[in-house]
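Those sequence lines, one after another, are chains A and B. First residue of the first sequence? That's 0 in numbering that gives the first Met the number 0, and the numbers climb one at a time after it. First residue of the second sequence? That's 0 in numbering that gives the first Met the number 0, and the numbers climb one at a time after it.
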Amino acid sequence: MKKRNIVAVLFTAVLVATGISSCKKNKDCISYTYDGDTGCVCVSDFPNREAFDAYVTYLKSIDGVKVTYTSECK
Amino acid sequence: MQKSILVFIIEWVSKIQKNLGVALRELRRHLYFYDFEVRKDDIYIVSFPKSGTTWVQVILYNLLTEGNMDFNHIYDVSPWPSNQAFNGESPEKINQMPSPRILKSHDSYDRFDEKARNKIIFVYRDGKDVAVSLYHHNKDYLDSNLTFDSNFESYFMIDKKGINYFKFMNTWFLNKNKLNILYISYEDLKSNFDSTVQKIAVFFNVDLTEPILSRVKQHSSFDFMKKNESKFGEIPPNLKSPQVFDNFIRKGEVGAFSNYMNDEQLKYYTKYYKLMVEPFKPKN
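Written out as structure tokens, the structure reads:
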């Protein structure tokens with residue numbers, strides 16, 4: 000019974016860790032729509048994460064811009 | 000049925016021809032840059048076309064040398080490697096030039112080596128004025144029947160292939176590889192010439208004395224450059240329709256766009272400027 004519990008806990012931990020890492024991965028790009036047009040940018044387009052985050056904040060401040068996090072730009 | 004097959008074949012052949020043309024140009028470029036001697040002290044003046052590149056070439060040439068203007072063409076003292084590659088020329092002459100070489104470029108950001116630490120001046124200009132200047136340039140040099148609208152579409156509509164104003168400015172302003180760039184605007188050169196030249200001088204560790212500034216001013220003035228246009232204009236390519244080749248230095252105006260751009264174009268420009276350029280524009 001104890002062994003089974005340990006396995007269950009480990010299994011849950013692996014699931015949670017995978018979930019967190021995929022969540023993190025999902026936040027590396029954003030797609031946005033504005034006035035009928037769409038765009039997409041990733042952290043890799045910027046000198047650093049800070050600059051990317053600042054841009055996302057900027058985009059969100061524009062009236063009518065919708066931002067969605069995504070794993071990659073297609 | 001037979002006709003549609005014929006149309007399909009013609010379209011297919013023309014597609015191959017187009018792609019072949021692009022592939023051959025890339026091959027020529029690779030061959031050129033294979034022989035091109037890269038130097039750590041090479042200086043690049045980069046810009047979107049018609050943004051003041053030649054103006055800054057003359058300014059920098061006069062800051063870093065004694066300003067001898069007896070050359071036949073500015074490309075003799077400040078060449079444009081990518082254009083030489085495009086024309087199938089050899090880099091032999093450029094490789095023999097003394098250092099530091101002042102090189103012109105309209106290349107996209109990703110063409111530059113991410114580890115390069117060369118000094119780069121990035122010259123930028125209000126895109127609306129660029130649209131007007133580029134239209135006149137292409138009409139004079141490439142296609143006398145060109146309309147402003149079709150030219151605007153080619154260089155400013157985001158989904159068009161080829162060099163695009165917004166993408167170009169976006170990547171160069173973003174500077175994700177932290178290249179060593181000094182940003183200079185055409186408008187600043189127009190309104191604050193002395194202090195902008197001082198900025199360039201500081202970037203290149205030049206002591207900007209009064210005689211040097213006066214020489215820079217004289218040789219980069221609109222009147223001097225217009226009077227000596229053959230030294231600065233594009234070298235005519237071999238093309239079919241009638242062209243004008245003495246209008247490279249045209250007006251040097253700021254704000255002429257209102258006579259050319261319609262409301263729709265202005266709205267489109269403003270939208271993409273706001274999304275892709277404005278947040279990354281260097282702060283002075």
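C-beta: ideal position from N, C-alpha, C; glycine also.
Item: Interface residues of chain A around B/P278 at Cβ under 9 angstroms?; Value: A53, Y54, Y57 and L58
Item: Using DSSP's beta-bridge definition, name the partner residues of A/D36.; Value: A/Y33
Item: Got a sec, what are the start and stop residues for the alpha helix (DSSP H) B/V205 sits in?; Value: That residue, B/V205, is in no alpha helix (DSSP H); it is neither H nor E in DSSP.
Item: Are the CB atoms of B/L133 and B/P48 nearer to each other than 8 angstroms?; Value: yes
Item: Give the straight-line distance between the Cα atoms of A/T69 and A/G38, rounded to the nearest whole angstrom.; Value: 12 angstroms
Item: What's the gap between the Cα of B/R27 and the Cα of B/F231?; Value: 25 angstroms
Item: Over what stretch of residues does the alpha helix (DSSP H) that includes B/I93 continue unbroken?; Value: E91 to Q95
Item: Who are the Cβ neighbours of B/L178 in its own chain at under 7 angstroms, not counting the five residues just before and after it?; Value: F111, A115 and I119
Item: Does B/F7 pass the burial test, meaning 16 or more other C-beta atoms within 10 Å, or should it be called exposed?; Value: exposed
Item: Listing by chain order, which chain B residues have their CB less than 8 angstroms from the CB of A/Y33?; Value: K270 and L274
Item: Which residue marks the beginning of the alpha helix (DSSP H) containing B/S104, and which one marks its end?; Value: Unbroken run through B/S104 is the beta strand (DSSP E), I101 to S104; no alpha helix (DSSP H).
Item: Note down, in chain order, every chain B residue with its Cβ under 9 angstroms from the Cβ of A/D44.; Value: N169, T170, L173 and K175
Item: Cα separation between B/F284 and B/K198?; Value: Nothing can be reported for residue 284 of chain B: it is not among the residues displayed for chain B, which extend from 0 to 283.
Item: Look at the alpha carbon of B/Y123 and the alpha carbon of B/V201, and state the distance between them as a whole number of angstroms.; Value: 19 angstroms
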